[in-house]
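Residue numbers (the numbering used here): 1494 to 1522.
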């Protein structure tokens, strides 16, 4: 199913971005 793949990709990208954002904020502190 294409929809499932798209949702999975979006979730993975969001999680990676969130982790990167948290890491950047922690490093900046």
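Note that the Cβ used here is the ideal one computed from N, Cα and C, for glycine as well. A quick note: this is a predicted structure, and the numbers were derived from the prediction, not measured.
Using only the alpha-carbon positions, how far apart do residue i and residue j sit?
i, j, result
"residue 1514", "residue 1508", "10 Å"
"residue 1499", "residue 1510", "16 Å"
"residue 1503", "residue 1497", "10 Å"
I need the DSSP call for residue i, collapsed to helix, strand or coil.
i, result
"residue 1515", "helix"
Between residue i and the rest of its own chain, which residues show a CB-CB distance below 8 Å, the 5 nearest in sequence each way excluded?
i, result
"residue 1512", "none"
Using a Cβ-Cβ cut-off of 6 Å (strictly less than) and excluding sequence neighbours within five positions of residue i, which residues of its own chain qualify?
i, result
"residue 1505", "none"
"residue 1495", "none"
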